[in-house]
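Counting in our numbering, the final residue of the sequence shown is number 536, and the numbers go up one at a time with none missing.
C-beta: ideal position from N, C-alpha, C; glycine also.
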Amino acid sequence: MIVLENVHFSYANNIEALKGVSLTINNGDFIAIMGQNGAGKTTFIKHFNGLLKPSSGVVRVNGVETTKTSVAGIAKNVGFVFQNPDNQLFSETVEDEIAFALKNFGFDKETIEKRVTWALDFLSLSQYRKTSPFLLSGGERKRVALASVLAWNPETLVLDEPTIGQDHEQKEKLRQFIMQLQSEKKTVIMVTHDVEFVAECNPRVILMQDGKIVADGKAKDILTNSKLLEESSIVLPQIAQIFTKLSPLGLPADVIDIDEAKAIILSKVKEGVCN
């Protein structure tokens with residue numbers, strides 16, 4: 262569990278990035294944190310594993326205040342994948358990069374080999390096993406950074422813009438993996454501008470503006486609130502746009518899921534409403 266109580270945070274230039282933020286993230290939650298650039302999203306999530314410490318207020322991870330422990334002390338339970346993979350990668354080969362944390366956490370050699378191979382296969386990186394990560398494309402480096410965290414299977418996974426640079430196939434693999442983590446009661450937190458990915462995943466959504474949380478609720482409720490999204494410079498998901506336009510025909514406007522959309526349209530067609 263991660264608990265933030267009235268957290269304020271200011272950078273050295275006196276810019277206040279968080280302004281009295283309070284939030285409880287329960288074990289097994291799947292959360293998407295959204296908002297325009299400068300809303301405080303990345304600053305917010307860097308408090309979850311102690312990378313940043315609050316200027317005032319309290320952050321507790323599994324009951325322990327982050328100001329009273331080290332980042333290393335939190336890291337095994339809270340894995341963090343940066344938006345820019347170059348802030349995270351440093352090893353000579355992809356294989357070494359993925360194995361690094363496993364070695365530091367004391368996994369045995371056989372387990373390290375299995376976990377590295379699994380992560381390489383899962384993120385379609387096997388062909389780059391002996392390659393320097395710095396010779397890969399931006400999207401591939403992003404997958405290496407993700408693999409290096411997934412390999413040790415943390416209880417909480419924090420992802421900063423995980424879909425940037427990823428094609429549809431990789432996004433779908435990521436979505437399926439998140440769903441797998443959910444079935445295992447893992448906690449997944451992601452910062453993202455990818456409204457379509459959020460609509461497909463249907464998590465709890467935290468919406469931020471100017472260092473504050475302005476909405477917290479089901480994706481379906483927040484991603485169909487056109488006024489709220491407009492204030493945060495977020496575009497309605499495509500399915501929500503379509504159903505908003507079709508609402509005069511008697512279709513609900515609060516639809517973001519493609520399977521639900523298909524079922525509703527087929528039902529209305531059978532009734533003759535959309536003929």
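Cβ neighbour criterion (16 or more within 10 Å) applied to residue i
| i | result |
| --- | --- |
| residue 276 | exposed |
| residue 324 | exposed |
| residue 510 | exposed |
| residue 389 | buried |
| residue 399 | exposed |
| residue 423 | buried |
| residue 430 | exposed |
| residue 428 | exposed |
| residue 285 | exposed |
| residue 384 | buried |
| residue 437 | exposed |
| residue 513 | exposed |
| residue 382 | exposed |
| residue 263 | buried |
| residue 530 | exposed |
| residue 488 | exposed |
| residue 420 | buried |
| residue 494 | exposed |
| residue 407 | buried |
| residue 532 | exposed |
| residue 460 | buried |
| residue 396 | exposed |
| residue 333 | exposed |
| residue 251 | The displayed coordinates of the chain run from 262 to 536. Any statement about residue 251 would go beyond what the structure contains. |
For residue j and residue i, the rounded distance between their alpha carbons
| i | j | result |
| --- | --- | --- |
| residue 266 | residue 465 | 19 Å |
| residue 326 | residue 468 | 25 Å |
| residue 313 | residue 368 | 28 Å |
| residue 307 | residue 440 | 23 Å |
| residue 480 | residue 486 | 10 Å |
| residue 309 | residue 525 | 40 Å |
| residue 515 | residue 505 | 8 Å |
| residue 404 | residue 451 | 15 Å |
| residue 280 | residue 294 | 16 Å |
| residue 417 | residue 338 | 6 Å |
| residue 298 | residue 271 | 17 Å |
| residue 316 | residue 449 | 25 Å |
| residue 498 | residue 454 | 11 Å |
| residue 362 | residue 523 | 44 Å |
| residue 371 | residue 445 | 23 Å |
| residue 268 | residue 474 | 11 Å |
| residue 413 | residue 377 | 9 Å |
| residue 364 | residue 373 | 7 Å |
| residue 340 | residue 507 | 42 Å |
| residue 232 | residue 411 | A question about residue 232 goes unanswered here, because the residues of the chain that appear run from 262 up to 536. |
| residue 278 | residue 471 | 7 Å |
| residue 402 | residue 393 | 10 Å |
| residue 331 | residue 462 | 32 Å |
| residue 517 | residue 353 | 43 Å |
| residue 478 | residue 391 | 44 Å |
| residue 273 | residue 322 | 25 Å |
Per DSSP, cross-strand counterpart(s) of residue i
| i | result |
| --- | --- |
| residue 369 | Note: residue 369 sits in no beta bridge, so no partner. |
| residue 422 | Per DSSP, none; premise fails for residue 422. |
| residue 291 | 449 |
| residue 286 | 263 |
| residue 417 | 339 and 448 |
| residue 465 | 292 and 479 |
Three-state class that DSSP yields for residue i in the structure shown
| i | result |
| --- | --- |
| residue 396 | helix |
| residue 470 | strand |
| residue 479 | strand |
| residue 277 | strand |
| residue 404 | helix |
| residue 517 | coil |
| residue 440 | helix |
| residue 412 | coil |
| residue 268 | strand |
| residue 485 | coil |
| residue 390 | coil |
| residue 508 | helix |
| residue 528 | helix |
| residue 497 | coil |
Proximity test, Cβ basis, 8 Å: residue i and chain C
| i | result |
| --- | --- |
| residue 450 | You won't find chain C in this structure, because it holds only one protein chain. |
Within the segment 310 to 374, ranges of the alpha helix (DSSP H) (whole runs, at least 4 residues):
Counting whole runs of 4 or more residues, the segment 310 to 374 contains the alpha helix (DSSP H) stretches 332 to 336 and 355 to 365.
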